[in-house]
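*Asks:* Chains as they are written, first to last, in this note's numbering: chain U, 19 to 443; chain G, 19 to 443. We treat Cβ as the ideally placed atom computed from N, Cα and C, and that holds for glycine. Since we're looking at a predicted model, the values are computed, not measured. Quick one: structure below, then a few questions.
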């Protein structure tokens, strides 16, 4: 892991995998085919991409029961506790409809309504994470979404990982379909005989899933398109090198394109963490991925002051930020852009991935400048409420008509004036 | 305007103008050119598309003063009152950072931070609306956004409409650039020497603007991509046909692709509104546009019960909904999907376009199923806060490590365990 000065860095942005022209074209074709042939198209794409022929893509009760048998009972309890923590944190985010009355009889407000139906994409293979089920489904349930449909690609035997099935069952998700890729996104967006269409699609996926979400965006809502995982750690002399190194590597093991950055004012910590990363890398099962990530996208940035260090963090706008300093809440006030902020020595990043309660679906690649973690508000929508009384209308309609005429919209002016003719009847 | 039964309608969805392949290619080229040549590219596109050569695209003080001179003083007061109403409504939406402490010392919460810089696109020509300036800028200002940059295409004389300049000045927007189209979106997204880049771009525009926003989406945030305006009116016998017709036409005059729909259980009202629309159309300055809109996308839907009528509204998920019934608040509970809901006889839709306070940037074409009016939350982002105490870590780290190992992420498990080694030092 290289040690750099702040001014040696030109940009923290990584290139986004926008897919090749061929991939884009393939995704468009898949979507068109699913729109046209529905379940038949799903069946043939599952054969082609997942290597398995499925008569019925919907997961049944027997498969869920089987999944529980394959899981350690204590681990199931851990999953349940994690789900409860996540539910509890998200419940605190819930906003309510409100209104405001004025003396002239005007009532204005916002009505909150949950989205009717949400589709959750859960990736397959080694990236099939029960935690991903929790983090995407629970905020929707807390928001009051009535229907949640989950899709995930089947393994070569036509089965799904037990952890994913148990996680879904813990939440009471009873619509699980074995279908992945762009075809799953198309089915969720436009519906087939088996899968009713949804209003919003969330959840991570490979480049085909990302491209498909981009393609259906507008017809349905989508969540953000996530990039490789990131961590930045802001640390001073009080941080322990072996802990900092371990936390950096926890993100590096995700993906060779993941990014792990230490920002510090301590020369001692910089060298010590550098050595620790090397040492710890050697015994990691995913050493190869983590090493490449650290070499290509990792850095230790040595700053001249805590202010410069805080500015550096805001420039990075990291997905995950750990603040391991003598008084981390002092830094909190200075941090403007970060997806999740972990404060203090004991707040190791994986605590947030699995257990603490806040969402692990977070803005990546600097998008924390303008995006938030997945949250309950992502699954509701607001309607404005406007109720004008006769008095309010009488006192304001002429002004409104003038404003409309300034914009050249005569029918607008006449509409608001139209009450006049009958007001004395 | 045709009268239809509910079952005679198959879909309320209109095709979205996704642009032609040529338009998409042109937009990509424009964006690439602005990225490369910056202000020089802006100058040449302004020459090409707006027919005017500008040495300096930034609006100066003298132009603002000139704009005030061209405006009626009373009208300026109306604009100020409207701005104050809009600000007051949006101020009520402001959410605050929060946190929650647990007995084991855990602190969890969400930190709210405004987006740093926002770009507002204001369309040119006949669609240059001061109200659009208010509705896009005020929520950003209320959210606490520090920098708002406005772009709008210059007219053939190189000038801007006085109403737009005065509206911007009322709000204290001092960065106004005379540049429009895809080139303006590119400049806001990536910056030039004159225009510093922003984090989010909002505001309506033509197909080139919409395509450019779609293209830069991800590098910056964008608002929704708006379609033609819509109104649905849910009315019973108590509604006055001339008022309902006038309100339907207020949306029809926007665009030949606008949609105006009356949903009613009253046969009398259906025929009377049909006749009134015909009568009122004849004297409208924008008769041609409104007539085409009413013929192509207008309808009177005659329902058999109020329940069927309410369901119909939810299927349409209209941008604007008026409820003109004997007890409109009773219907409010049944409405799930609508951008803005106008309750009662005196709540004519243009009141919301200009004056009442709620935003007029609303989800169109059924997207009210999953989208909200533009609001203060669109200009903030949240950061999760996680602070675990030593006790919380001690009690939970083994569970978290187990969960991580279930997902095959050993470095995650080791990170959360790494505190162990030093905990007794």
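Listed from N- to C-terminal order along the chain, which residues in the stretch 412-424 of chain U have their beta-carbon within a distance smaller than 7 Å of any beta-carbon of chain G?
*Replies:* 414, 417, 418, 420, 421, 422, 424
*Asks:* My understanding is that residue 373(U) touches residue 361(U), with C-beta atoms under 8 Å, so please give their C-beta distance in whole angstroms.
*Replies:* The Cβ separation is near 16 Å, so there is no contact.
*Asks:* What are the boundary residues of the beta strand (DSSP E) that includes residue 30(G)?
*Replies:* Note, residue 30(G): premise wrong, no beta strand (DSSP E); not H, not E.
*Asks:* Is there a Cβ from chain G that is less than 8 Å from the Cβ of residue 192(U)?
*Replies:* Answer no: the Cβ-Cβ gap between residue 192(U) and chain G never drops below 8 Å.
*Asks:* Can a CB atom of chain G be found closer than 8 Å to the CB of residue 296(U)?
*Replies:* no
*Asks:* Report buried or exposed for residue 286(G), applying the criterion of at least 16 other Cβ atoms within 10 angstroms of its Cβ.
*Replies:* exposed
*Asks:* Examine chain C for any beta-carbon lying closer than 8 Å to the beta-carbon of residue 229(G), and answer yes or no.
*Replies:* No chain C appears in the structure shown, which is made up of the protein chains U and G.
*Asks:* Please name the residue, chosen from 196(U), 167(U), 386(U), that lies closest to residue 72(U) on a Cα-to-Cα basis.
*Replies:* 196(U)
*Asks:* Could you check what DSSP says for residue 281(U) in three-state terms: helix, strand or coil?
*Replies:* strand
*Asks:* How would you call residue 25(U), buried or exposed, if buried means at least 16 neighbouring beta carbons within 10 angstroms?
*Replies:* Under a 10 Å Cβ-count criterion, residue 25(U) is classified as exposed, with fewer than 16 other Cβ atoms of the shown protein chains found around its own Cβ.
*Asks:* Quick check on this structure: which residue in 320(G), 239(G), 221(G), 352(G) has the alpha carbon closest to the alpha carbon of residue 255(G)?
*Replies:* 320(G)
*Asks:* For residue 224(G), go through chain U and note every residue whose CB falls closer than 9 Å to its CB, in chain order.
*Replies:* Contact annotation for residue 224(G) against chain U: no contact, minimum CB-CB distance about 17 Å [criterion: below 9 Å].
*Asks:* To which residues does DSSP link residue 179(U) through a beta bridge?
*Replies:* Note: residue 179(U) sits in no beta bridge, so no partner.
*Asks:* Return no unless some Cβ of chain G is closer than 8 Å to the Cβ of residue 236(U).
*Replies:* yes
*Asks:* Nearest CA to the CA of residue 97(G): which residue from 135(G), 70(G), 123(G), 148(G)?
*Replies:* 148(G)
*Asks:* Please list, in chain order, the residues of the stretch 102-114 of chain U that have any C-beta partner in chain G closer than 8 Å.
*Replies:* 107, 110, 111, 113
*Asks:* Is the beta carbon of residue 349(G) closer than 8 Å to that of residue 280(G)?
*Replies:* No, the Cβ-Cβ distance between residue 280(G) and residue 349(G) is not below 8 Å.
*Asks:* Which of helix, strand or coil does DSSP assign to residue 338(U)?
*Replies:* strand
*Asks:* Between 322(U), 276(U), 340(U), 329(U), which lies nearest to residue 310(U) when the distance is taken from Cα to Cα?
*Replies:* Residue 276(U) is the option with its Cα nearest to residue 310(U).
*Asks:* Under 8 Å between C-beta atoms, does residue 402(G) make it to chain U?
*Replies:* In terms of beta-carbon proximity, residue 402(G) lines the interface with chain U, with at least one pair separated by less than 8 Å.
*Asks:* Could you pull out every residue in the same chain whose Cβ sits closer than 8 Å to the Cβ of residue 116(G), ignoring the five residues on either side in sequence?
*Replies:* 127, 128
*Asks:* Can you check whether the C-beta of residue 148(G) is within less than 8 Å of a C-beta belonging to chain U?
*Replies:* yes
*Asks:* Compare the C-beta of residue 157(G) with all C-beta atoms of chain U and state if any pair is closer than 8 Å.
*Replies:* no
*Asks:* I want to verify the contact list: residues of chain G whose CB lies under 9 Å from the CB of residue 28(U), in sequence order.
*Replies:* The contacting residues do not exist; residue 28(U) stays about 15 Å from chain G at best.
*Asks:* Using alpha carbons as the reference points, say which of 268(G), 417(G), 333(G) lies closest to residue 305(G).
*Replies:* 268(G)
*Asks:* Could you check how far apart the C-beta atoms of residue 316(G) and residue 270(G) are, in whole angstroms? I think they sit under 8 Å.
*Replies:* 7 Å
*Asks:* Across which residues does DSSP place residue 194(U) in a beta bridge pair?
*Replies:* 168(U)
*Asks:* Could you tell me the alpha carbon to alpha carbon distance between residue 216(G) and residue 263(G), rounded to whole angstroms?
*Replies:* 42 Å
*Asks:* Could you check what DSSP says for residue 213(U) in three-state terms: helix, strand or coil?
*Replies:* coil
*Asks:* For residue 237(G) and residue 392(U), what's the separation of their Cα atoms in angstroms?
*Replies:* 18 Å
*Asks:* Here's the rule I'm using: 16 or more other beta-carbon atoms within 10 Å means buried, otherwise exposed. How should residue 190(G) be labelled?
*Replies:* exposed
*Asks:* Compare the C-beta of residue 259(U) with all C-beta atoms of chain G and state if any pair is closer than 8 Å.
*Replies:* no
*Asks:* Given a cut-off of 8 Å on the beta-carbon distance, is the pair residue 130(U) and residue 405(U) in contact?
*Replies:* no
*Asks:* The alpha helix (DSSP H) spanning residue 244(G) covers which residue range?
*Replies:* Premise fails: residue 244(G) is in no alpha helix (DSSP H) and is neither H nor E.
*Asks:* Should the stretch 408-420 of chain G be called in touch with the stretch 370-385 of chain U, which here means at least 3 C-beta pairs below 8 Å?
*Replies:* yes
*Asks:* Who are the near neighbours of residue 114(G) in its chain, counting only those whose CB is closer than 8 Å to its CB and skipping five residues on each side?
*Replies:* Contacts found: 130.
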